[in-house]
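*Asks:*
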Amino acid sequence: MADPRGYFTTGSLIAFIFLGIIRGSFPVAIYFALKAYLSPSLVFLLRTPGSLTLYVLLMIYYSSRDSDLKETYSKNLKTLRNYWKFAVMGLIQLAAPYLLFMYGLRFLNPTTGGVYMAAAPWISVLLERLPFVRSTHPVQAVKVAAMVVGAAGIVLVSVTGIATAANKECIDPSPKASDTHNWTKSYVISNGTSPCYTHKDLTLSLLSLIGGSFIWSVSSVFWRAHRGNIHYVSSGIANNIFGGIFVLILSLLLPRYDHMNEVQWQNGSAVFSVIFLTLMSGWLAAVLLDYLYAEVGLLVTNRVLCLVPFVAWFEDWMFIRKFKVWC
């Protein structure tokens, strides 16, 4: 494969912008999916079969056109020592960060979620410079300055997001004591006599976003260290299988709730959101990412996350805050 150009062509610039829109739309899609389907694990399990199918179809298509790729896929999936890597990535790249971000976005707005998504590469930079990971490659002064500015922005957006959620007032329908920790607990919006969310809700949601961003960063460092010659399509198939298994097991182990009758299966916004999470976020984003790595390189491609907070903020304002009462 030829070395990446390191600069944009028309095609790579369009792919870069489109990838930024997909990444930035992720928190908003999660918001609408959770409003109707209530459970983070249910949302994950709804998007996984479709993403897995798309990866399989892509593998079949590439294999029919390139015998070398066909051989690569065969070696990747037949090599048993690769499966521990797939299992780890299924957990730390898909299942764990997905569930943590979905929990956090039940209480905080998508803008806050977008900021924490954009923080992942900077956390990766710090992790890779830890002595037990990589003792060389010191962080440049420009990157340090960017991290300081980014950290200040994260703090500012986090405080604003928590204040926005804390100041909303609702009528609490007084759920049963057994339901107090249920993720499917809902509230009715009114002129307000009590806060929508408790301090515990907001604290846990913020910690969930921090944890999701950190785990995504760990997955990036892990994959760069252990990927070897594994093709992204092979890993996409295996990671989705393991991620789905982990979330399915978790959903079976958690206490069962009596709210399945409240799931809005035919909610148009939620259906569209799951399709988006399946097709765009779960599959097309990986295709665009691989294309951009080949065209402009890793460093330039990672800058796509600079677009994420702005896209998330715009869609948050456009589709949620402007037309919906936040709660």
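Numbers given in the numbering used here equal positions in the sequence shown, counted from 1, plus 124.
Ideal Cβ positions, reconstructed from N, Cα and C, are used throughout, including at glycine.
1. Considering only residues of the same chain and omitting the five flanking positions on each side of W340, which have a CB-CB separation below 6 Å?
2. Which two residues bound the contiguous alpha helix (DSSP H) that contains N426?
3. For R189 and L182, what's the separation of their Cα atoms in angstroms?
4. With H, G and I counted as helix, E and B as strand and the rest as coil, what does DSSP make of R253?
5. From the DSSP output, in three-state form, read off Y321 for me.
6. How many Å lie between Y185 and V411 at the Cα?
7. May I have the straight-line CA-CA distance separating L169 from L215, to the nearest angstrom?
8. Among the residues of its own chain, which have a CB less than 6 Å from the CB of T425, if the five just before and after it don't count?
9. Can you tell me the Cβ-Cβ gap for P151 and G238, rounded? I've got them flagged as a contact below 8 Å.
10. With distances taken Cα to Cα, identify the nearest neighbour of L137 among M442, R427 and R445.
11. Given that a residue counts as buried once 16 or more other Cβ atoms are within 10 Å of its Cβ, and exposed if not, what is Q388?
12. By the 10 Å Cβ neighbour count, where 16 or more other Cβ atoms means buried, how is T235 classified, buried or exposed?
13. For a test of the three-state rule: what should DSSP assign to Q217, helix, strand or coil?
14. What number of angstroms, rounded off, separates the C-alpha of S198 from the C-alpha of V281?
15. For W407 and L178, I'd like the C-alpha separation in whole angstroms.
16. Of the residues S329, Y240 and G421, which one's Cα is nearest the Cα of G130?
17. Can you look up Y179 in the DSSP assignment and give me helix, strand or coil?
18. Decide if W347 is buried, meaning its Cβ has at least 16 other Cβ atoms within 10 Å, or exposed.
19. By a C-beta neighbour count over all protein chains shown, 10 Å radius and 16 as the cutoff for buried, is E386 buried or exposed?
20. Tell me the DSSP secondary structure of G144 in three-state form.
21. Tell me whether A287 is buried or exposed, calling it buried when 16 or more other Cβ atoms sit within 10 Å of its Cβ.
22. Just mark P173 as buried or exposed, buried being the case when its beta carbon has 16 or more other beta carbons within 10 Å.
23. For the putative contact between S397 and A153, defined by C-beta atoms under 8 Å, what is the C-beta separation to the nearest angstrom?
24. Looking only at C-alpha atoms, which of I278, P128, L224 and I247 sits nearest to S165?
*Replies:* Taking the structure as given:
1. Counting from one through the sequence shown, the residue named residue 340 turns up at place 216. If we look at W340 and ignore the five residues flanking it on each side, its Cβ neighbours are P221 and A244.
2. Against the sequence shown, residue 426 aligns to sequence position 302. Start and end: L422 to N426.
3. Here residue 189 is taken as the residue at index 65 of the sequence shown, counted from 1. Here residue 182 is taken as the residue at index 58 of the sequence shown, counted from 1. Their Cα atoms are separated by approximately 11 Å.
4. Against the sequence shown, residue 253 aligns to sequence position 129. R253: coil per DSSP, three-state reduction.
5. Mapped onto the sequence shown, residue 321 falls at position 197. If DSSP states are grouped into helix, strand and coil, Y321 belongs with coil.
6. Counting from one through the sequence shown, the residue named residue 185 turns up at place 61. Counting from one through the sequence shown, the residue named residue 411 turns up at place 287. Between Y185 and V411, the C-alpha separation is close to 13 Å.
7. Walking along the sequence shown from the start, residue 169 turns up at place 45. Walking along the sequence shown from the start, residue 215 turns up at place 91. One C-alpha to the other measures close to 14 Å.
8. On the sequence shown, residue 425 is found 301 positions in, with the first residue counted as 1. Cβ within range, chain order: L416 and Y417.
9. Numbered from its first residue, the sequence shown carries residue 151 at position 27. Numbered from its first residue, the sequence shown carries residue 238 at position 114. Contact flag correct, Cβ pair sits at about 5 Å.
10. Counted from its first residue, the sequence shown places residue 137 at position 13. Taking only the C-alpha atoms, the option nearest L137 is R427.
11. Taking the first residue of the sequence shown as position 1, residue 388 is located at position 264. By the neighbour-count rule (16 or more Cβ atoms within 10 Å), Q388 is not buried but exposed.
12. For the purposes of this step, residue 235 is identified with residue 111 of the sequence shown, where counting begins at 1. Buried, because 16 or more other Cβ atoms sit within 10 Å of the Cβ of T235.
13. As a working mapping, residue 217 is identified with position 93 in the sequence shown. Three-state result, Q217: helix.
14. Taking the first residue of the sequence shown as 1, we reach residue 198 at position 74. Taking the first residue of the sequence shown as 1, we reach residue 281 at position 157. Taking the straight line from one Cα to the other gives about 46 Å.
15. Your numbering for residue 407 matches position 283 in the sequence shown. Your numbering for residue 178 matches position 54 in the sequence shown. Using only the alpha carbons, I get a separation of about 7 Å.
16. Here residue 130 corresponds to residue number 6 of the sequence shown, with the count starting at 1. The shortest C-alpha separation from G130 is found at G421.
17. The residue given as residue 179 occupies position 55 in the sequence shown. Helix, per DSSP.
18. The residue labelled residue 347 in the question sits at position 223 within the sequence shown. Looking at its Cβ environment, which holds 16 or more other Cβ atoms inside 10 Å, W347 is buried.
19. Looking up residue 386 in the sequence shown gives position 262. E386 comes out exposed.
20. Taking the first residue of the sequence shown as position 1, residue 144 is located at position 20. Looking at G144 - three-state DSSP - the assignment turns out to be helix.
21. To locate residue 287, count along the sequence shown from 1; it is residue 163. The residue is exposed, with fewer than 16 neighbouring Cβ atoms inside 10 Å.
22. Translated into positions along the sequence shown, residue 173 becomes position 49. The residue in question, P173, is exposed, as its Cβ has fewer than 16 Cβ neighbours within 10 Å.
23. Translated into positions along the sequence shown, residue 397 becomes position 273. Translated into positions along the sequence shown, residue 153 becomes position 29. The pair is a contact, with the Cβ atoms about 4 Å apart (cut-off 8 Å).
24. For the purposes of this step, residue 165 is taken as the residue at position 41 of the sequence shown. Measuring from the Cα of S165, the nearest candidate turns out to be L224.
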